[in-house]
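Note sheet for the following structure.
2 protein chains.
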Amino acid sequence: MDILQVAKRANVSTATVSRVINGFPGVREKTVARVRRAIAETNYVPNPNARSLRMGRTRLFGLIISDVNNPFFPELIDAFEALASAEGIEVIFTHTNYDPQRLHNCIRRMIERSVDAIAVMTSEVEEESLRQAVKANVPLVLMNQRKLAAKYPNVSVEYATGFGEALDHLLALGHRDIGFIAGPPLLSSAQGRKEAFKKALKAHGLQLRPEWIATGDMRVEGGRTAMAKLLACDPRPTAVLATNDLMAVGALQAAHAAHIRVPKDISIIGFDDLPIVSMVQPPLTTIRHPRREVAEQAFDCLQQALQGKKNKTSATLHPHLVLRNSTAPVGLRRR
Amino acid sequence: MDILQVAKRANVSTATVSRVINGFPGVREKTVARVRRAIAETNYVPNPNARSLRMGRTRLFGLIISDVNNPFFPELIDAFEALASAEGIEVIFTHTNYDPQRLHNCIRRMIERSVDAIAVMTSEVEEESLRQAVKANVPLVLMNQRKLAAKYPNVSVEYATGFGEALDHLLALGHRDIGFIAGPPLLSSAQGRKEAFKKALKAHGLQLRPEWIATGDMRVEGGRTAMAKLLACDPRPTAVLATNDLMAVGALQAAHAAHIRVPKDISIIGFDDLPIVSMVQPPLTTIRHPRREVAEQAFDCLQQALQGKKNKTSATLHPHLVLRNSTAPVGLRRR
DNA sequence: CTGAAAGCGCTTACAG
DNA sequence: CTGAAAGCGCTTACAG
Chain A
1103 MDILQVAKRA NVSTATVSRV INGFPGVREK TVARVRRAIA ETNYVPNPNA
1153 RSLRMGRTRL FGLIISDVNN PFFPELIDAF EALASAEGIE VIFTHTNYDP
1203 QRLHNCIRRM IERSVDAIAV MTSEVEEESL RQAVKANVPL VLMNQRKLAA
1253 KYPNVSVEYA TGFGEALDHL LALGHRDIGF IAGPPLLSSA QGRKEAFKKA
1303 LKAHGLQLRP EWIATGDMRV EGGRTAMAKL LACDPRPTAV LATNDLMAVG
1353 ALQAAHAAHI RVPKDISIIG FDDLPIVSMV QPPLTTIRHP RREVAEQAFD
1403 CLQQALQGKK NKTSATLHPH LVLRNSTAPV GLRRR
Chain B
1103 MDILQVAKRA NVSTATVSRV INGFPGVREK TVARVRRAIA ETNYVPNPNA
1153 RSLRMGRTRL FGLIISDVNN PFFPELIDAF EALASAEGIE VIFTHTNYDP
1203 QRLHNCIRRM IERSVDAIAV MTSEVEEESL RQAVKANVPL VLMNQRKLAA
1253 KYPNVSVEYA TGFGEALDHL LALGHRDIGF IAGPPLLSSA QGRKEAFKKA
1303 LKAHGLQLRP EWIATGDMRV EGGRTAMAKL LACDPRPTAV LATNDLMAVG
1353 ALQAAHAAHI RVPKDISIIG FDDLPIVSMV QPPLTTIRHP RREVAEQAFD
1403 CLQQALQGKK NKTSATLHPH LVLRNSTAPV GLRRR
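As they're listed, the protein sequences go chains A and B.
Adding 1102 to a residue's 1-based position in the first sequence gives its number in the numbering used here.
Adding 1102 to a residue's 1-based position in the second sequence gives its number in the numbering used here.
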């Protein structure tokens, strides 16, 4: 009954206090001042539960990611949370650990908590889990789910743009012999990147030599072994792109181990722009995954859905090359 | 009015439905069954806002950390969230970016959201911010705040234990000449680690040579330059401990750059056990900061405080050495 | 063992 | 421009 205390103190009704708090027009200036003073004096803060119960909105958003330990996500979380916080929205955040069953539970829990909207920023998504939200009438937004993009708002990243820029850069440095460290065939996001790479390669009029594709597990270790294979080729590529930064870091280590200098003897380009790539030597040139922008677009989608606007349901973002020190002109040595 | 629908369907009052949902004893088995069926048939889920409004508890915990981008935190978040989730508690989580003003706001926001309890897992804490929670009667728990430990529940980590184990290990390998990469003098957590190192050193009967202490900025870059200084000493240490893993990684890079082999020519030990240390070559031996356990103890403290138990208000945890490949016996070379 | 009813703290037609 | 009152969906003494 706390709004009542404020009301008494200001000599008005609770309705008026409510109006002042929510910035409704049509309250006399003098009354507003009186209410504001009473609020200040009592340190009054509205009870969000009462408010939510009444309004049917909680100002609570759900954010679901794959894995807190994956250094890809912190920036995305950070950006999403900053936007929410600026709007007075709180974020409940959970991770699925790549487990579809957990995704299902995460969504259920969030609906039970009556969040206003959910951003599902995981790489693998099963539609069945999403239907819970549809049924509960909770807006959703996905990331990079091309197959579901027709039915659900989706923020997607056009990998090919990034690979195109990387290839522009390498070609300008004189590279023609370009290797690729791919990800596991079963991982759809890895396959998406591979396809985009091939597409960009073709657009640049380059051949794809099958022996210059090695496959890794998306982690440092996998990049190391994949790179070892590429380095053993004869002829070997003069530049290598990796599906993600962790494997690019592994590739760098493999080169070091083989006493092949980066970038002098071979150029390496990663993908994602994780914090780690500027911590290794040399700092890696990489294609930045626009994850902050993904968070922004996702947040916008949800807000718009809540406001009943139907226009902006999806967005496409483009990754860009970030130059650091792991690429150099093709040496004369191999010419 | 949704519990009413269930009640009607089961031919009971809402009170009885509520009793069944909350597992109160003393409802006839047959009635329970009827209510359960009605709940299942209607897919009924209690409205948490109504519940919170009535009960004065939200089953919402706040978790405040310094920095999402700091790879120290994900495991802590993960552990905390898993415990909460198992108890049907949701976590609102924010970060301060090392800014005391933001900590103040984070705590205020959480109180306004009427969380049941708050874990403040940041390195720097100003007491004034905490008083908001005290005033609002919201239980708190801190991490490694010795100065505040008398007034607030606190989970602290006894760094000296970890350094002691590291020194045991190095002595067993024949090392006597041990260098240290310290952190900035103004950073209290870095100073705490330095003091603990000195203490452990003394306990092992070793001298501290002032020129074998170099200072870095707690990041990879700082570790690199600090290590370069240590390597330039004559005589130089045969083993180096770093205040944190990021600087240990930098130290490793500096050794590589100087063509000094790790661990053959020099041993390196880090602190924290970040994921990154097993991604570099060689994987670093390090002292593991028990951050999962910190999360567990913190969560327990909060739960107990909520249950009105006064016994367990603080806890002390011990870091332990994790052996990997960056240490080796002192070479004969330097004998 | 169960129900009727009050009340948690708000917001919002409705009336004036 | 402002107030009286209903109602959001629960839980919990109280009564039987």
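Just so it is clear, CB atoms sit at the ideal spot from N, CA and C, and this is done for glycine as well.
Delimiting residues of the beta strand (DSSP E) encompassing residue i
{"i": "A/His1420", "result": "Looking at the DSSP string, A/His1420 is not in any beta strand (DSSP E), and its letter there is neither H nor E."}
{"i": "A/Asp1374", "result": "1369–1374"}
{"i": "B/Leu1310", "result": "Neither: B/Leu1310 is in no beta strand (DSSP E) and is coded neither H nor E."}
{"i": "A/Leu1250", "result": "Run containing A/Leu1250: none; DSSP gives neither H nor E here."}
{"i": "A/Val1193", "result": "1192–1197"}
{"i": "A/Ala1350", "result": "Taken as a continuous stretch (DSSP letters only), A/Ala1350 belongs to no beta strand (DSSP E), being part of the alpha helix (DSSP H) at 1347–1359."}
{"i": "A/Ala1292", "result": "Premise fails: A/Ala1292 lies in the alpha helix (DSSP H), 1290–1305, not in any beta strand (DSSP E)."}
{"i": "B/Ala1238", "result": "Here B/Ala1238 belongs to no beta strand (DSSP E), and DSSP marks it neither H nor E."}
{"i": "A/Arg1390", "result": "1387–1390"}
{"i": "A/Leu1165", "result": "1162–1167"}
Neighbour flag for residue i against chain B, beta carbons, 8 Å
{"i": "A/Thr1160", "result": "yes"}
{"i": "A/Met1097", "result": "Since the first residue shown for chain A is 1103 and the last is 1437, residue 1097 of chain A is missing from the structure and cannot be characterised."}
{"i": "A/Ile1105", "result": "no"}
{"i": "A/Asn1346", "result": "no"}
Residue i Cβ short of 7 Å to the ligand GTP heavy atom set
{"i": "B/Asn1346", "result": "You won't find the ligand GTP in this model; it holds no ligand whatsoever."}
Amino acids of chain B, ordered along the chain, whose beta-carbon sits closer than 7 Å to that of residue i
{"i": "A/Phe1195", "result": "Phe1195"}
{"i": "A/Val1322", "result": "Met1381"}
Presumed contact (8 Å Cβ cut-off) between residue i and residue j, rounded CB distance
{"i": "B/Val1322", "j": "B/Val1351", "result": "5 Å"}
{"i": "B/Asp1259", "j": "B/His1391", "result": "One point to set straight first is that residue 1259 of chain B is Val, not Asp, in the sequence displayed. The Cβ separation is near 6 Å, so the contact holds."}
{"i": "A/Ser1225", "j": "A/Leu1205", "result": "Not really, about 11 Å apart at Cβ, beyond 8 Å."}
{"i": "B/Ala1353", "j": "B/Ala1344", "result": "6 Å"}
{"i": "B/Gly1285", "j": "B/Gly1318", "result": "7 Å"}
{"i": "B/Arg1161", "j": "B/Gly1190", "result": "6 Å"}
{"i": "A/Met1320", "j": "A/Ala1359", "result": "Their Cβ separation, rounded to whole angstroms, is 20 Å, which puts A/Met1320 and A/Ala1359 out of contact at 8 Å."}
{"i": "A/Pro1255", "j": "A/Ser1154", "result": "About 24 Å; that fails the 8 Å criterion."}
{"i": "A/Val1222", "j": "A/Ile1166", "result": "5 Å"}
{"i": "A/Leu1404", "j": "A/Pro1241", "result": "5 Å"}
{"i": "B/Ala1441", "j": "B/Met1245", "result": "Residue 1441 of chain B lies beyond the residue range present for chain B, which begins at 1103 and ends at 1437; the question has no answer from this structure."}
{"i": "B/Ile1371", "j": "B/Pro1173", "result": "The pair is not a contact, with the Cβ atoms about 18 Å apart (cut-off 8 Å)."}
{"i": "B/Phe1282", "j": "B/Trp1314", "result": "7 Å"}
{"i": "A/Ala1341", "j": "A/Ser1380", "result": "Between A/Ser1380 and A/Ala1341 the Cβ distance is about 20 Å, and since that is not below 8 Å, they are no contact."}
Interface residues of chain B facing residue i [CB-CB closer than 8 Å]
{"i": "A/Leu1359", "result": "At residue 1359 of chain A the sequence reads Ala, which differs from the Leu that was named. In chain order: Gln1383."}
{"i": "A/Asn1149", "result": "Leu1155, Ser1216"}
Any chain A beta carbon closer than 8 Å to residue i
{"i": "B/Arg1138", "result": "no"}
{"i": "B/Leu1155", "result": "yes"}
{"i": "B/Ala1152", "result": "yes"}
{"i": "B/Glu1398", "result": "no"}
{"i": "B/Asn1124", "result": "no"}
{"i": "B/Asn1171", "result": "yes"}
{"i": "B/Glu1192", "result": "yes"}
{"i": "B/Val1351", "result": "yes"}
{"i": "B/Ser1120", "result": "no"}
{"i": "B/Glu1189", "result": "no"}
Where the alpha helix (DSSP H) containing residue i begins and where it ends
{"i": "A/Val1342", "result": "Taken as a continuous stretch (DSSP letters only), A/Val1342 belongs to no alpha helix (DSSP H), being part of the beta strand (DSSP E) at 1341–1344."}
{"i": "B/Asn1256", "result": "Not the alpha helix (DSSP H): B/Asn1256 falls in the beta strand (DSSP E), residues 1256–1259."}
{"i": "B/Arg1204", "result": "1202–1214"}
{"i": "B/Arg1393", "result": "1393–1408"}
{"i": "A/Gly1324", "result": "1322–1334"}
Within chain A, partners of residue i - CB distance below 7 Å
{"i": "B/Ile1378", "result": "Ile1378"}
{"i": "B/Val1364", "result": "Residues of chain A passing the Cβ test: none, with the nearest at roughly 12 Å."}
Contacts of residue i in chain A (Cβ-Cβ under 9 Å)
{"i": "B/Gln1355", "result": "Met1381, Val1382, Gln1383"}
Could you run through the segment 1174–1186 of chain A and flag, in chain order, every residue whose CB is less than 8 Å away from some CB of chain B? Pro1176, Glu1177, Ile1179, Asp1180, Glu1183
Select from the segment 1195–1225 of chain B all residues with a C-beta closer than 8 Å to any C-beta belonging to chain A, and list them in chain order. Phe1195, Thr1196, His1197, Arg1211, Ile1213, Glu1214, Arg1215, Ser1216
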